[in-house]
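Student: Okay, here's the structure, questions in a sec.
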Amino acid sequence: MNSSLLSLAIWTPIIGAFIVLLTGDDRNARIARPLALISAIAGLLVTIPLYTGFDHATANMQFVEQYAWIERFNINYFLGVDGISVLFILLNSFITIFVVIAAWEVIETRVAQYMAAFLMMSGLINGIFSALDGVLFYVFFEASLIPMYIIIGIWGGPNRVYAAIKFFLYTLLGSLLMLIALIYLFTQSGSFSILEWHQLKLGMQPQILLFLAFLIAFAVKVPMWPVHTWLPDAHVEAPTGGSVVLAAIALKLGAYGFLRFSLPIAPDASIYFGPMMITLSLIAVVYISFVALVQQDMKKLVAYSSIAHMGFVTLGFFMFDSNRMGSMLGIEGALVQMISHGFVSGAMFLCIGVMYDRLHSRQIADYGGVVNTMPKFAAFFLLFAMANAGLPATSGFVGEFMVILGAVKFNFWIGFLAATSLILGAAYTLWMYKRVIFGEVANPHVAELTDINCREFLILGVLAIAVLAMGLYPYPFTDVMHASVDNLLKHVAVSKL
Amino acid sequence: MLNEFVLPNLAPAYPELLLLTMACVILMVDAFMGAASRALVAALSLLTLFGCAVLTALTATGETTLTFSNMFVDDAFADLLKMLIYGSVAVVFVYSRSFLRDRGLDKAEYYVLVLLATLGMMVMASANHFLTVYLGLELMSLSIYALVAIDRESSRSIEAAMKYFILGSLASGLLLYGLSMMYGATGTLEINGVLQALAMSQANDIVLVFGLVFVVAGFAFKLGVVPFHMWVPDVYHGAITPMTLFISTAPKIATFAMVLRILVFGAIPLAPMWQPMLLIMAVLSIIVGNLAAIAQTNIKRMLAYSGISHMGFMLLALTTGVFNGHAAYALEAYTSAFYYIVAYVLMSLASFGVLLLMSRAGYEVETLEDLKGLNQRSPWYAAMMMFVMFSMAGIPFFIGFFAKLSVLLAVIEAGLIGVAIVAVIFSLIGAFYYLRVVKNMYFDAPSDAAPIVAGTDVRVLLSLNGLAIAGFGLFPGWLMKLCQEALARSLY
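Protein sequence lines correspond, in order, to chains A and B. Numbering of the first sequence is given in numbering that gives the first Met the number 0, commencing with residue 0 and proceeding in unit increments. Numbering of the second sequence is given in numbering that gives the first Met the number 0, commencing with residue 0 and proceeding in unit increments.
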């Protein structure tokens, strides 16, 4: 019964990380880089059977592995994926390759450590998405903070120490309360199995407290308004790769947590808190979009845009209607949005990284007329900016459209408010694009820019294909998740009281 | 009846006898061979510990044997404790050697005093009688007072030793007074006799409670928990680093043994009375320890305050053994406390080990600044120190996380969710100063480019120590089970 694919997905990059570390200091950076790339590619290759061998018809956990880990507390090394989590493992392993390539020439100090940190991060995140044991989930969830802390702190910008510590403590605050919730669930059920918790009967009051504990943990991670303030700091200070992983993958962990823990374990509390969650999400969508509009720093702008896009995701999760049509669209749309945002935000940060590597500035005011010197780059950047704004035929459109459709079914005005973000998103993204790319060459530095090289072309090209493919034909994505989402909604509809 | 002398069964005390003999032998070797014998003395000390470990392992039957008119007990709990004590003392010897040699302090007195303190700890671990407990405690404490003052040129060390001596004696006095009250109330000094007397509730409650307060206060002093913690930062700071390393490791195990022997093996029926006392001290320690540690710039003081908070966490587990009048989870709770102590000792060894490794002749690592840029100077030891810091902060995959998890499990099972939340919030605050250490090591440029030199033994042992912190984090089950089985066999 035990399959070892998920273990491979987790431990291949981590073992690769240790091998990369063995190359030692920067004298061997020329060996460290290809080794890291091989590890990242191997990490992706071992996850491909997860998709090809995935049974679309069932909502059960697949590729299950279970071994006793700590018998004293009945803690198991228990892995498995369903339609909700499998895509994120693929996305994560996919993005890791780009992070490694993007750092190829850019990172010059402590290369082995840099690559190893990202590879470890990749393995740990695969662990988060596949853990079916509460403690195992928590262990991966927390442990993934360590590499990110190091990444921001060593290779980050001038204010990196503040950003790194803020990132760590903020996330830790949330997750510690979750730990208490997990232990409480253990005392109630005698098990740390998340699947058993899904079936556990709970009174309204415990459900509310559990929901709140999970909410703090996941809201910080998503991040939802008003606990989002760590994200702009972390994004701005992190090196390009760090921003990419944060935006493309790490933010999805919180949203995934809602689907894996909050909704199925405390369904009544989820319905009870639904209006509050919708309100918070709408604030994120509308208010944060306005905040994004006035940013001077490109990375900060994309960071705020990420918060707004994640607002869409949480909005999609909590629109429970009686015939489940709206909520079905909402959750599937939110999941599609998460994957799409993984590609788009990753690509946006890579684009900003490309410019930063040349000019060492992220200020919009320092640019202008980049199209004159970097035409190929401008074309790619335009595509990603459009996807970020939710243009039809790009992946950004599919998810947002599904969520808005679901919202309109649920309540017209919520749908209306959510739809404003399409306008606002277009406004801040395209206005930024206009100021940076179009117009006359703004200053001598811009005039000296060189267009993207092969390496950069390759990264952006592959991501562009992904964005377009998902926008034109999203069926392979929605098909995988359909059975699991349906099952989740049926589960939530049954009261646990 | 004739006053016939019957030799007691000496077998359970063979390790103690060996250690005592060897301590005398080492003194003699030093007296007759002088300075030439230093390497021999060090080797003999390590060999002694090894011999003791072998003897303990050979005499370990898993059964409980009483000897010396029931004053001395040899059970699975004592055996495991002793093994841990030998191990940590041996590690202390190895880590400290080059530091002491550089400063001309590696005299035989150091080894003999540490061995005698070890003997005291072993007696504490095996005590089944109030007097034996006290005997062991005093042997340990007196040796440590002298050890803290071993660098007699340093006024700071002398001051620390003086503080430690006066406050420690006061604590011993409190403990002794409390024990005498308990004797008055129960009519016996034997620990299992106390248990029987209490179980039959022939005891006088008021005297008992009064005595218990003093006993608990004495323990709090020795463990260094709030409000009896004032000496800890001063002594940790004042003593030279090898002594701080020693104080913060093996004696914690022995003190834990003493607390468990008296409060749990003896006074468990009084748990509803001592648990609230411990609970208050535990919560206060977690709060004060973590808050005060933030303000420290001296790393030894920071580790002292962090130690206070760790002791608080350990006590937290002790307070959850009995609740609602039944002891269903008692074993779980005491196992958690035991495991926490073991984890703490492992982390403490590695943290001071790294500080000792970085120190060299004429230069001591004292402030947080001194750790700057360690990652550039030595990525491997920076990683070891990072393991310790994340482990102390309770981040997985390190042993400290599982120690905290198991304590929190015990606390929540006892229904003290509020306490668990306080503990967790303050560990979050605590995480800040551990992160700061990591920040100094990884994010800052080194202020000192001197290469880190150390003997192979130190390198190997320190690496093993660091890897153990990570390894027991990946596979925590084995050590937990060991602690649990030892307690289960001895408790009932």
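The C-beta atom is built at its ideal place from N, Cα and C for all residues, glycine as well. Being a predicted model, the structure only gives us computed values, none of them experimental.
Along the region 460-487 of chain B, what residues have a CB closer than 9 Å to any CB found in chain A?
Tutor: Hits within the stretch, in order: GLY472, PHE474, PRO475, GLY476, MET479, LYS480 and GLN483.
Student: So, for B/PHE209: in the same chain, excluding its five sequence neighbours on each side, which residues have a beta-carbon less than 7 Å away from its beta-carbon?
Tutor: For the purposes of this step, residue 209 of chain B is taken as residue 210 along the second sequence, with counting starting at 1. Correct list, in chain order: MET180.
Student: Let me check one thing: in DSSP terms, what residues is A/VAL80 bridge-paired to?
Tutor: Taking the first residue of the first sequence as 1, we reach residue 80 of chain A at position 81. Per DSSP, A/GLN61.
Student: In this structure, does DSSP put B/HIS325 in helix, strand or coil?
Tutor: Along the second sequence, one-based indexing puts residue 325 of chain B at 326. Note: B/HIS325 maps to strand in three-state DSSP.
Student: So B/VAL423 contacts chain A; which residues on that side make the cut at Cβ distance below 8 Å?
Tutor: Stepping through the second sequence from its first residue, residue 423 of chain B is reached at position 424. Within 8 Å Cβ-Cβ: LEU175, LEU176, LEU178 and ILE179.
Student: Distance check for B/LEU277 and B/VAL258, CA to CA, integer angstroms please.
Tutor: On the second sequence, position 259 is the one that residue 258 of chain B refers to. On the second sequence, position 278 is the one that residue 277 of chain B refers to. If you take the alpha carbons of B/VAL258 and B/LEU277, they lie about 11 Å apart.
Student: Using a Cβ cut-off of 8 Å, pull out every chain A residue sitting near B/SER426, in sequence order please.
Tutor: As a first step, residue 426 of chain B must be located in the second sequence, where it is residue number 427. Result: LEU175.
Student: Give me whichever residues DSSP pairs with A/ASP132 in a beta bridge.
Tutor: Here the question's residue 132 of chain A lines up with position 133 in the first sequence. In DSSP, A/ASP132 forms a bridge with A/SER192.
Student: For chain A, check one thing: does any of its Cβ atoms lie closer than 8 Å to the Cβ of B/PHE76?
Tutor: Position 77 of the second sequence, counted from the first residue, corresponds to residue 76 of chain B. B/PHE76 does not count as touching chain A.
Student: Would you kindly report the start and end of the unbroken alpha helix (DSSP H) that includes B/LEU473?
Tutor: As a position in the second sequence, residue 473 of chain B is number 474, starting the count at 1. Taken as a continuous stretch (DSSP letters only), the alpha helix (DSSP H) holding B/LEU473 covers 455-473.
Student: At a CB-CB cut-off below 8 Å, which residues of chain B make contact with A/PHE415?
Tutor: To locate residue 415 of chain A, count along the first sequence from 1; it is residue 416. What A/PHE415 touches in chain B: nothing, since even the nearest Cβ is about 40 Å away.
Student: Report, in whole angstroms, the separation of the C-beta atoms of A/GLY395 and A/VAL343, which I expect to be a contact under 8 Å.
Tutor: Here the question's residue 395 of chain A lines up with position 396 in the first sequence. Here the question's residue 343 of chain A lines up with position 344 in the first sequence. Confirmed, Cβ separation roughly 6 Å.
Student: Using 8 Å as the cut-off, can you tell me whether the region 335-353 of chain A makes contact with the region 419-427 of chain A, which would need three or more C-beta pairs spanning the two stretches below that distance?
Tutor: Because the criterion of three Cβ pairs below 8 Å is not met, the region 335-353 of chain A and the region 419-427 of chain A do not touch.
Student: I'd like to know if the region 437-445 of chain A and the region 378-386 of chain A are in contact, where contact means that at least 3 CB-CB pairs between them fall below 8 Å.
Tutor: Touching, no.
Student: With a floor of 4 residues, list each alpha helix (DSSP H) that falls wholly inside the region 167-218 of chain A, ordered by position along the chain.
Tutor: Entirely contained in the region 167-218 of chain A, the alpha helix (DSSP H) runs reaching 4 residues are, in chain order, 193-198.
Student: Does the beta-carbon distance from A/GLY398 to A/SER339 come in below 8 Å?
Tutor: Here the question's residue 398 of chain A lines up with position 399 in the first sequence. Here the question's residue 339 of chain A lines up with position 340 in the first sequence. It is a contact, given that the beta carbons lie within the stated cut-off.
Student: If you draw a straight line from the C-alpha of B/LEU104 to the C-alpha of B/SER140, how long is it?
Tutor: Here residue 104 of chain B corresponds to residue number 105 of the second sequence, with the count starting at 1. Here residue 140 of chain B corresponds to residue number 141 of the second sequence, with the count starting at 1. Answer to the nearest angstrom: the Cα atoms are 20 Å apart.
Student: By Cβ distance, which residues of its chain are closer than 6 Å to B/ILE157, with the 5 residues on each side in sequence left out?
Tutor: Here the question's residue 157 of chain B lines up with position 158 in the second sequence. Contacts found: ALA148.
Student: Just the C-alpha distance for A/LEU118 and A/ILE18, rounded to the nearest angstrom, thanks.
Tutor: Counting from one through the first sequence, the residue named residue 118 of chain A turns up at place 119. Counting from one through the first sequence, the residue named residue 18 of chain A turns up at place 19. One C-alpha to the other measures close to 11 Å.
Student: Report the residues of the region 56-69 of chain A with a CB closer than 9 Å to any CB of chain B, ordered along the chain.
Tutor: Listed by position along the chain: ALA67, TRP68 and ILE69.
Student: Using DSSP's beta-bridge definition, name the partner residues of B/GLY58.
Tutor: Here residue 58 of chain B refers to the residue found at position 59 when the second sequence is read from its first residue. In the sequence on display, residue 58 of chain B carries Thr and not Gly. In DSSP, B/THR58 forms no bridge with anything.
Student: Tell me, please, whether the CB atom of B/ALA294 is closer than 8 Å to any CB atom in chain A?
Tutor: Residue numbering aside, residue 294 of chain B sits at position 295 when the second sequence is read from its first letter. B/ALA294 does not count as touching chain A.
Student: In terms of alpha-carbon separation, which member of A/LEU131, A/ILE193 and A/LEU349 lies closest to A/PHE77?
Tutor: The sequence position of residue 77 of chain A within the first sequence is 78, counting from 1. Selected option, being the one with the closest Cα: A/LEU131.
Student: Any idea if A/THR51 is buried or exposed, counting beta-carbon neighbours within 10 angstroms, 16 or more meaning buried?
Tutor: Mapped onto the first sequence, residue 51 of chain A falls at position 52. Per the 10 Å Cβ criterion, exposed.
Student: Taking just the CA atoms, how far does B/VAL436 sit from B/VAL111?
Tutor: Sequence index remark: in the second sequence, residue 111 of chain B carries index 112 (1-based). Sequence index remark: in the second sequence, residue 436 of chain B carries index 437 (1-based). Rounded to the nearest angstrom, the two C-alpha atoms are 35 Å apart.
Student: Expressed to the nearest angstrom, what Euclidean distance is found between the alpha-carbon atoms of A/GLN65 and A/ILE74?
Tutor: One-based indexing of the first sequence puts residue 65 of chain A at position 66. One-based indexing of the first sequence puts residue 74 of chain A at position 75. Cα to Cα, the separation comes out at about 10 Å.
Student: Nearest chain A C-beta to B/ALA381 closer than 8 Å, yes or no?
Tutor: Residue 381 of chain B sits at position 382 when you count from the first residue of the second sequence. Output row for B/ALA381: interface = no.
Student: For B/LYS371, which residues in chain A fall below 7 Å Cβ to Cβ?
Tutor: Position 372 of the second sequence, counted from the first residue, corresponds to residue 371 of chain B. Here the premise fails: no neighbours, minimum Cβ distance about 12 Å.
Student: Closer than 8 Å, CB to CB, is B/TYR441 near chain A or not?
Tutor: Translated into positions along the second sequence, residue 441 of chain B becomes position 442. It does; some Cβ of chain A falls within 8 Å.
Student: Provide the residue span of the alpha helix (DSSP H) that contains B/LEU169, from first to last.
Tutor: Locating residue 169 of chain B in the second sequence gives position 170, counting from the first residue. Taken as a continuous stretch (DSSP letters only), the alpha helix (DSSP H) holding B/LEU169 covers 154-185.
Student: How long is the line joining the alpha carbons of B/SER284 and A/GLN61, rounded to whole angstroms?
Tutor: On the second sequence, residue 284 of chain B is found 285 positions in, with the first residue counted as 1. On the first sequence, residue 61 of chain A is found 62 positions in, with the first residue counted as 1. Distance between the alpha carbons of B/SER284 and A/GLN61 is about 46 Å.
Student: Under 8 Å, CB to CB, which of the residues in the region 181-209 of chain A have a partner in chain B?
Tutor: Within the region 181-209 of chain A, the qualifying residues are ILE182, TYR183, PHE185 and THR186.
Student: Can you check the region 221-260 of chain A for any alpha helix (DSSP H) of at least 4 residues that lies completely inside it and give the ranges in chain order?
Tutor: With a minimum length of 4 residues, the continuous alpha helix (DSSP H) runs that stay inside the region 221-260 of chain A are 229-236, 239-244 and 250-256.
Student: Compute the Euclidean distance between the alpha carbons of B/ASP456 and B/VAL93, then round it to the nearest angstrom.
Tutor: Counting from one through the second sequence, the residue named residue 456 of chain B turns up at place 457. Counting from one through the second sequence, the residue named residue 93 of chain B turns up at place 94. Using only the alpha carbons, I get a separation of about 7 Å.
Student: Since A/GLU236 meets chain B, which of its residues come closer than 8 Å, beta carbon to beta carbon?
Tutor: The residue labelled residue 236 of chain A in the question sits at position 237 within the first sequence. Those do not exist, as A/GLU236 stays about 11 Å from chain B at its closest Cβ, beyond 8 Å.
Student: Could you run through the region 278-312 of chain B and flag, in chain order, every residue whose CB is less than 7 Å away from some CB of chain A?
Tutor: Answer set for the region 278-312 of chain B: empty.
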